[in-house]
Amino acid sequence: MKKSRSVVAALIAGALALSAHPLLAATTVSSTFSVTATVADKCTIKTGPATYSFGTYDPTSATDLDTGSGSAVIKCTKGTTASITLTTPTAMTNGTDTLTHSFFQDAGRATAFGTVTYASTSNADHTVNFFGRIPALQDVSTGAYTGTSSFNVAY
18 MKKSRSVVAA LIAGALALSA HPLLAATTVS STFSVTATVA DKCTIKTGPA
68 TYSFGTYDPT SATDLDTGSG SAVIKCTKGT TASITLTTPT AMTNGTDTLT
118 HSFFQDAGRA TAFGTVTYAS TSNADHTVNF FGRIPALQDV STGAYTGTSS
168 FNVAY
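Every position in the sequence shown, counted from 1, becomes a number in this note's numbering once 17 is added.
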């Protein structure tokens with residue numbers, strides 16, 4: 018019995034020694050592969066202008082009504098170039114009367130809004146401000162004048 022234990026122990030020790038030998042170890046093969054993804058240009062209007070109020074206009078004043086401001090927050094993927102426009106009719110109406118107005122890029126109302134180009138350098142929010150003007154001395158009747166405009170982002 019003592020001899021058989023010694024033989025079994027020797028066999029186990031030999032098997033362990035052989036399995037540790039590099040030529041008898043498991044073989045591993047591998048293959049590499051490409052991983053791809055596409056990030057598309059994308060812009061969203063997170064918050065847009067809801068209402069732009071000029072307040073009370075005095076048609077007898079020789080001074081333009083430059084009051085208020087509006088803004089919208091857009092978010093574009095990094096590297097996207099967007100064209101931002103305000104589509105606006107040239108006038109608000111009250112029955113058959115029209116009250117003209119326009120929007121500008123700056124508070125001093127020196128640069129008409131037109132089309133603003135935005136090149137996104139990050140995925141962060143971007144605020145676009147605009148400023149309105151009603152030109153002086155328009156021959157209009159009393160009452161509430163309304164119109165609609167739209168804030169557009171093309172990319």
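Cβ atoms here follow ideal geometry from the backbone N, Cα and C, with glycine treated the same way.
In this text the structure is predicted, and so the values were computed from the model without any measurement.
*When you compare only the Cα positions, how much space is there between Thr110 and Thr165?*
10 Å
*Any contact of the stretch 152–161 with the stretch 74–87, i.e. 3+ C-beta pairs under 8 Å?*
yes
_By the three-class DSSP mapping on this structure, what secondary structure does Ser1 have?_
There is no way to answer for residue 1, as the model of the chain reaches only from 18 to 172.
_Nearest-angstrom beta carbon gap, Asn169 and Thr117 [assumed within contact, 8 Å]_ = Contact doesn't hold; Cβ gap of about 21 Å is too wide.
*Report the three-state DSSP secondary structure of Leu154 (helix, strand or coil).*
coil
*Would you mind stating whether Thr94 and Asn140 have Cβ atoms separated by less than 9 Å?*
Result yes, Cβ atoms of Thr94 and Asn140 sit closer than 9 Å.
_Using CA atoms only, rank isn't needed, just tell me which of Gly65, Asp83, Lys63, Ile62 is closest to Gly72._
Asp83
*Is it a yes or a no for the stretch 53–65 touching the stretch 113–127, going by three-plus beta-carbon pairs under 8 Å?*
no
*Roughly how far, in whole angstroms, is the beta-carbon of Ser100 from the beta-carbon of Thr144, given that I think they are within contact range, below 8 Å?*
Not really, about 17 Å apart at Cβ, beyond 8 Å.
*DSSP three-state assignment for Ala89, whether helix, strand or coil*: strand
*Inspect the beta-carbon positions of Asn146 and Ser88 and report whether they are closer than 9 Å.*
yes
*Helix or strand or just coil, what does DSSP make of Gly72?*
DSSP places Gly72 outside both helix and strand once states are collapsed to three, so it counts as coil.
_Strictly by DSSP, which residues pair up with Ala129?_
Phe121
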